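Student: Mind looking over this structure? Questions follow.
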Amino acid sequence: MDAYRSDHKLSDPTLCQICGAVYSAGRWQWRETLPDEAKETRCPACQRIHDRVPAGYLTLSGDFFNEHRKEIMRLVHNHVERQRTQHPLQRIIDTHTLESGEMEITFTEFHLPKGVGEALKKAYQGELHLHFPGESGQLRASWSR
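Each residue of the sequence shown is one higher than the one before, counting from 17 in this note's numbering.
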């Protein structure tokens, strides 16, 4: 069970006070106009970002990655942005370089590291490894080339 997914139904509509996403008809979505009479809360993505508790990790490494870091990170950000326009809960929490030189990206949504990793593999080949969670509920993926 993901503690960031509500097991009770939110009021319809509910507005995220941080990002402006609206919960309506059973899902979080973007709206052109915001509802006047909406309850306010933090959506699960904003709560994860606030708490710094990722649902998934993607580690990027290898000589090819190091040589093409800017281009690869642009693909990562573009992929996530395309997902986020349709699914407000799919976002990057943080991107940082580990002591090993690898890049680690953390995500608000469990399936996003896999999707980004698959996009990298399709565009640049390389090795994609997925480590599905036990009790932690956090997907760990790694891509290297």
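Just so you know, even glycine gets a beta-carbon here, dropped at the ideal spot from N, CA and C. Remember, predicted model here, so these are calculated numbers, not experimental data.
Quick one: what's C32 bridged to in DSSP?
Tutor: Locating residue 32 in the sequence shown gives position 16, counting from the first residue. Paired residue(s): T57.
Student: If I measure Cβ to Cβ from R47 and keep anything under 7 angstroms in the same chain, skipping five residues before and after, which residues do I get?
Tutor: For the purposes of this step, residue 47 is taken as the residue at position 31 of the sequence shown. The residues are V38.
Student: Which of helix, strand or coil does DSSP assign to H84?
Tutor: As a working mapping, residue 84 is identified with position 68 in the sequence shown. H84 falls in the coil class under three-state DSSP.
Student: Taking the continuous alpha helix (DSSP H) assigned at V132, which residues delimit it?
Tutor: Walking along the sequence shown from the start, residue 132 turns up at place 116. 128-140 is the span of the alpha helix (DSSP H), which, as asked, contains V132.
Student: Compare the Cα-Cα distances from G61 to each of P51, G72, E53, D52 and report the closest residue.
Tutor: Here the question's residue 61 lines up with position 45 in the sequence shown. Reading the sequence as shown, one finds Ala at residue 61 and not Gly. Of P51, G72, E53, D52, the residue nearest in Cα terms is G72.
Student: What is the C-beta distance between C32 and T57, in whole angstroms, given that I count them as a contact (C-beta under 8 angstroms)?
Tutor: By 1-based counting over the sequence shown, the position of residue 32 is 16. By 1-based counting over the sequence shown, the position of residue 57 is 41. 7 angstroms between Cβ atoms; contact.
Student: Which one or two residues does DSSP pair with W44 in a beta bridge?
Tutor: Numbered from 1 along the sequence shown, position 28 holds the residue referred to as residue 44. BP columns for W44 point to Y39.
Student: Given G36, which residues of its chain have a CB within under 7 angstroms of its CB, disregarding the five upstream and five downstream residues?
Tutor: As a first step, residue 36 must be located in the sequence shown, where it is residue number 20. Around G36: L50.
Student: Mind reading off the beta-carbon distance from R156 to I109? Whole number of angstroms is fine, and I expect it under 8 angstroms.
Tutor: Taking the sequence shown and counting its residues from 1, one reaches residue 156 at position 140. Taking the sequence shown and counting its residues from 1, one reaches residue 109 at position 93. Between I109 and R156 the Cβ distance is about 14 angstroms, and since that is not below 8 angstroms, they are no contact.
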